[in-house]
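See structure below.
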Amino acid sequence: MARLNLLEETRFERVPVKVYPSQSEASVDVANRIAAIITEKQKKGEKAVLGLATGATPVQVYKELVRLHKEEGLSFTNVVTFNLDEYYPMKPDADQSYVTFMNKNLFDHIDIPKENINIPDGTLPQDEIQAFCEAYEHKISELGGLDIQILGIGRTGHIGFNEPGSAPNSGTRLVILDDLTRRDASRDFGGKENVPTKAITMGVGTIFKAKEIILMAWNEKKADIVKKAIEGEISADIPATFLQLSDKVEFVLDKDAASQLTRFYLPWLAHEVVWTDSVIKKAVVWLSLKLNKAILKLTDEDYNNNGMAQLVTEQGPAYNINIKIFNELQRTITGWPGGKPGVDDSSRPERAEPARKNVILFSPHPDDDVISMGGTFIRLADQGHNVHVAYQTSGNTAVWDDDVLRYLEFVQDFAVAVDDDNGVTTKIYKEAREFFKTKQPNQVDPEIIRTIKALIRKGEAIAGARFVGLPDENIHFQDLPFYDRGKFSKEVSNEDDIVQTMELLRQVKPHQVFAAGDFADPHGTHKVCFDILFEALKRLSKTDEWTKDCWLWLYRGAWHEYPIHEIEMAVPLSPLEVKRKRLAIFKHQSQKDVPVFPGDDPREFWVRAEDRTSETAELYHKLGLADYEAIEAFVRWKFD
1 MARLNLLEET
11 RFERVPVKVY
21 PSQSEASVDV
31 ANRIAAIITE
41 KQKKGEKAVL
51 GLATGATPVQ
61 VYKELVRLHK
71 EEGLSFTNVV
81 TFNLDEYYPM
91 KPDADQSYVT
101 FMNKNLFDHI
111 DIPKENINIP
121 DGTLPQDEIQ
131 AFCEAYEHKI
141 SELGGLDIQI
151 LGIGRTGHIG
161 FNEPGSAPNS
171 GTRLVILDDL
181 TRRDASRDFG
191 GKENVPTKAI
201 TMGVGTIFKA
211 KEIILMAWNE
221 KKADIVKKAI
231 EGEISADIPA
241 TFLQLSDKVE
251 FVLDKDAASQ
261 LTRFYLPWLA
271 HEVVWTDSVI
281 KKAVVWLSLK
291 LNKAILKLTD
301 EDYNNNGMAQ
311 LVTEQGPAYN
321 INIKIFNELQ
331 RTITGWPGGK
341 PGVDDSSRPE
351 RAEPARKNVI
361 LFSPHPDDDV
371 ISMGGTFIRL
381 ADQGHNVHVA
391 YQTSGNTAVW
401 DDDVLRYLEF
411 VQDFAVAVDD
421 DNGVTTKIYK
431 EAREFFKTKQ
441 PNQVDPEIIR
451 TIKALIRKGE
461 AIAGARFVGL
471 PDENIHFQDL
481 PFYDRGKFSK
491 EVSNEDDIVQ
501 TMELLRQVKP
511 HQVFAAGDFA
521 DPHGTHKVCF
531 DILFEALKRL
541 SKTDEWTKDC
551 WLWLYRGAWH
561 EYPIHEIEMA
571 VPLSPLEVKR
581 KRLAIFKHQS
591 QKDVPVFPGD
601 DPREFWVRAE
611 DRTSETAELY
621 HKLGLADYEA
631 IEAFVRWKFD
């Protein structure tokens, strides 16, 4: 594969890159390339030697290979596989084992001889690992090397478990896992403390010996590290950058994973662009922040010196462009998220009429409403709109076991205090204590404990919504079935979830719908909740007249915000409103201090929320707009 890159569009990219519209299309293509190698080797009477990866990235590739086997007769009898890595220590029958993963996703569904499957052994005594690793490498060499190696990429830039600091000539070995890698795996193990600290992995040097290397990456969560791996300097701090040294590698990405590459994110630096309104806005905001100059202070020279001479030539001078973009940003700011009655709304984010709107806020978890848009939530209620909130899932996985015992102890003591103790609570309490003593990492709780955890979060959500100003009849708990179903099976239909959501929407007939727009994780709860809501609205739009006046606004969570150029409604908050929002978040006591799933951010949720909204306000101020305490941002989803 040639490394010479003479294309202006991709001149920032140091490795060949192929971008697909979707993960599924990319996965099918990779599977077909693997199948072609297998078929070609079969014709020659040779073995096809495959280097395989685990994790979410290759799952659809394996699914397509299984389909090719079952429906098109692709045989794997001549295939020998070598997996990249395995946790250490790890029993092969453990749920988190890569043996379990490969059997479930590929090997149990194809005709590969079991003796042809090679996966690092996580049960070996540590003093035998070096010899095993040497034998692993020798076996690959004896078979003529890997015909193809597929890879994913971790957020540390690791390939396999080659963490930052790995050498480009490293071989198969035992390694210490990076803290971020362990945090990313924490959900699979029921907490970071249960994730092994070590792993056996093929080395970077081992990977380099493959005849063909394909690194795959999907979704926005990988966009930042993908950019560094493809466009950054070669560094041991990001092991994936070592792939720039190979002439046999290709990065296969979906459009979301590729979104931070210069040719997509800052296209005016890579090639000539069509200067649409959205591109101009993005470019001017970028230029202002890059130069740390307010938009109205940008000059022709600033544009010319930063790859934007074409824009000034076509639509300049700079003053005209500056005024246009400044005004567009100014018009996104409103203290009336439900629309300001009785005024000209032609340049406002929301409609003036009806003055009192039906509003429903969909919250994937019971605290997303106040964390993500608590200030706007309060403002809508204060301004007299008919505001509803729908908690789409119970959130029962995010409650500490200790809290269950604490609440059960309260119920026990209360029953005794009012002379109403029938023994049922005591029995449940004793069973819960016994269960928790032997509970394994990631073990699903019994139904009664899941119910208690759901009730804890329900009570907190009611307290938060009441604090905002909602009457109890406007607080809805959907408990969408997919949430508990997903604990037992991923291959499920969401039809009942969609129907239930349609019924609630018909009941409220909203003029405004607010929903979580966090799509970085395509299989995460937020994305599943949005897909259910979107499908419900789409179906209703074909039959229900009220949907013609229904606008859908998206908010984001505590971790990140929409970029300034995408924001269509910015709701400023005063210091008092920030405090009121904080107090609403505090009603969710089970999520304070250290939540069960904190992610990789040590800050409490309320701190993250305040930092995020204050950062948005600061960005607006840097661009030359008014200085607000905080801003909550929204993007309108247009159905046409």
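Numbering (full-length UniProt numbering), first residue to last: 1 to 640.
Think of the CB as a built atom: it goes at the ideal place given N, C-alpha and C, for glycine as much as any other residue.
_Burial state of Q591, where buried means 16 or more other Cβ atoms lie within 10 Å_ = Translated into the one-based positions of the sequence shown, residue 591 becomes position 591. Q591 comes out buried.
*Close-in-space but distant-in-sequence residues of the same chain around H271 (CB under 6 Å, 5 per side omitted)*: Start at 1 with the first residue of the sequence shown, and residue 271 comes out as number 271. Excluding positions up to five away in sequence, the list reads E8 and E9.
*Using three-state DSSP, classify T201 as helix, strand or coil.*
Mapped onto the sequence shown, residue 201 falls at position 201. Strand, per DSSP.
*Take G535 and list the residues in its own chain whose beta-carbon comes closer than 7 Å to its own, dropping the five residues that flank it on each side.*
In the sequence shown, counting from the first residue as 1, residue 535 sits at position 535. Rather than Gly, the amino acid found at residue 535 in this sequence is Glu. Apart from the 5 residues on each side of it in sequence, E535 sits with its Cβ closer than 7 Å to the Cβ of I498 in its chain, given in chain order.
*Nearest to L504 by alpha carbon, out of I140, H388 and A217?*
Translated into positions along the sequence shown, residue 504 becomes position 504. Nearest C-alpha to L504: H388.
*Give the range of the beta strand (DSSP E) segment to which E632 is assigned.*
Within the sequence shown, residue 632 is the residue found at index 632, counting from 1. It spans A630 to W637 - the beta strand (DSSP E) in which E632 sits, taken as one unbroken run.
*Which stretch, first to last residue, makes up the beta strand (DSSP E) that contains E250?*
Residue mapping note: residue 250 aligns to position 250 of the sequence shown, counting from 1. Counting along the chain, the beta strand (DSSP E) containing E250 begins and ends at V249 to D254.
*Would N320 be called buried (16 or more neighbouring beta carbons within 10 Å of its own) or exposed?*
Within the sequence shown, numbered from 1, the residue matching residue 320 stands at position 320. Counting Cβ neighbours within 10 Å, N320 comes out exposed, since fewer than 16 surround it.
*asked:* Based on DSSP bridge pairs, tell me the residues matched to W553.
replied: Along the sequence shown, read from residue 1 onward, the residue named residue 553 stands at position 553. F514 and R636.
*Could you spell out where the alpha helix (DSSP H) holding M102 opens and where it closes?*
Start at 1 with the first residue of the sequence shown, and residue 102 comes out as number 102. Run containing M102: Y98 to N105, per the alpha helix (DSSP H) assignment.
_Rounded straight-line distance, which links the Cα of D247 to that of M1_ = Position 1 of the sequence shown holds residue 1. Position 247 of the sequence shown holds residue 247. Reliability fails at M1, whose pLDDT of 39 lies under 50, so the model's placement of it is uncertain and the value that follows must be treated cautiously. If you take the alpha carbons of M1 and D247, they lie about 6 Å apart.
*beta strand (DSSP E) runs contained entirely in the region 450-513, provided each spans 3 or more residues*: 475-477
*Where does R11 sit, in a helix, a strand or coil, going by DSSP?*
By one-based count along the sequence shown, residue 11 stands at place 11. R11 falls in the coil class under three-state DSSP.
*In chain order, which continuous runs of the beta strand (DSSP E) of length 3 or greater are located wholly inside the region 369-396?*
Within the region 369-396, complete beta strand (DSSP E) segments of at least 3 residues are found at 386-391, given in chain order.
*A187: which of P598, V635 and F634 sits nearest, CA to CA?*
Translated into the one-based positions of the sequence shown, residue 187 becomes position 187. Rather than Ala, the amino acid found at residue 187 in this sequence is Arg. Of P598, V635 and F634, the residue nearest in Cα terms is P598.
*Per DSSP, P164 is paired with what?*
On the sequence shown, position 164 is the one that residue 164 refers to. Answer is none; P164 lacks a bridge partner.
_Suppose you measure from the CA of P366 to the CA of K427; what does that come to, to the nearest Å?_
The residue given as residue 366 occupies position 366 in the sequence shown. The residue given as residue 427 occupies position 427 in the sequence shown. Across the structure, P366 and K427 are spaced so that their CA atoms are roughly 29 Å apart.
_Please list the terminal residues of the continuous alpha helix (DSSP H) segment that includes D401._
For the purposes of this step, residue 401 is identified with residue 401 of the sequence shown, where counting begins at 1. Boundaries of the alpha helix (DSSP H) around D401: D401 to A417.
*Using the rule of at least 16 other Cβ atoms within 10 Å of the residue's Cβ for burial, across every protein chain shown, is I323 buried or exposed?*
The residue given as residue 323 occupies position 323 in the sequence shown. I323 should be labelled exposed.
*Would you call the region 48-68 and the region 145-165 in contact, with 3 or more CB pairs under 8 Å?*
yes
*Is the distance from the Cβ of A36 to the Cβ of L65 below 8 Å?*
Indexing the sequence shown from 1 puts residue 36 at position 36. Indexing the sequence shown from 1 puts residue 65 at position 65. It is not a contact, given that the beta carbons lie outside the stated cut-off.
*Can you find a CB in chain B that lies within less than 8 Å of the CB of N162?*
This model lacks chain B altogether; it includes just one protein chain.
*What first and last residue would you give for the beta strand (DSSP E) that runs through I150?*
The residue labelled residue 150 in the question sits at position 150 within the sequence shown. Note, I150: beta strand (DSSP E), I148 to L151.
*For H51, which residues does DSSP report across the bridge?*
Here residue 51 refers to the residue found at position 51 of the sequence shown. As written in the sequence, residue 51 is Gly, which differs from the His given in the question. G51 pairs with F82 and Q149.
*F189: first and last residue of the uninterrupted alpha helix (DSSP H) it sits in*: Here residue 189 corresponds to residue number 189 of the sequence shown, with the count starting at 1. Residues S186 to F189.
*Look at the Cβ atom of A53, then the Cβ atom of G152, and state whether they are nearer than 8 Å.*
Start at 1 with the first residue of the sequence shown, and residue 53 comes out as number 53. Start at 1 with the first residue of the sequence shown, and residue 152 comes out as number 152. Result yes, Cβ atoms of A53 and G152 sit closer than 8 Å.
_Within a Cβ cutoff of 8 Å, which residues of the same chain sit near F488, ignoring the five residues on either side of it in sequence?_
Residue numbering aside, residue 488 sits at position 488 when the sequence shown is read from its first letter. Low per-residue confidence applies at F488: pLDDT is 46, beneath 50, and the placement is therefore not dependable enough to give any value.
*asked:* Rounded to whole angstroms, what is the Cα-Cα separation between P16 and Q260?
replied: The residue labelled residue 16 in the question sits at position 16 within the sequence shown. The residue labelled residue 260 in the question sits at position 260 within the sequence shown. In a straight line, the C-alpha of P16 is about 16 Å away from that of Q260.
*asked:* Which residues does DSSP list as the beta-bridge partners of A609?
replied: Looking up residue 609 in the sequence shown gives position 609. None, per the DSSP bridge assignment.
*Quick one: measure Cβ to Cβ for R183 and T201, integer angstroms, because I've assumed they're closer than 8 Å.*
Taking the sequence shown and counting its residues from 1, one reaches residue 183 at position 183. Taking the sequence shown and counting its residues from 1, one reaches residue 201 at position 201. That belief does not hold up - the Cβ atoms of R183 and T201 are roughly 18 Å apart, past 8 Å.
*Three or more beta-carbon pairs under 8 Å between the region 464-477 and the region 354-373, yes or no?*
yes
*Can you name, in chain order, every residue of its own chain whose Cβ lies under 7 Å from the Cβ of E137, other than the five neighbours on each side?*
By 1-based counting over the sequence shown, the position of residue 137 is 137. So the qualifying residues of the chain are G171, T172 and T206.
*asked:* Taking the alpha helix (DSSP H) that K209 belongs to, which residues open and close that run?
replied: As a working mapping, residue 209 is identified with position 209 in the sequence shown. It is not in any alpha helix (DSSP H) - K209 carries neither H nor E in the DSSP assignment.
*Distance, V175 Cα to G190 Cα*: The residue labelled residue 190 in the question sits at position 190 within the sequence shown. The residue labelled residue 175 in the question sits at position 175 within the sequence shown. Between the alpha carbons of G190 and V175 lies a distance of about 22 Å.
*Return the Cβ separation of P364 and A516 in integer angstroms, given the expectation that the two are a contact with Cβ distance under 8 Å.*
As a position in the sequence shown, residue 364 is number 364, starting the count at 1. As a position in the sequence shown, residue 516 is number 516, starting the count at 1. Confirmed, Cβ separation roughly 5 Å.
*With R433 as the anchor, note down where its alpha helix (DSSP H) starts and where it stops.*
Here residue 433 is taken as the residue at index 433 of the sequence shown, counted from 1. Here the alpha helix (DSSP H) through R433 covers V424 to T438.
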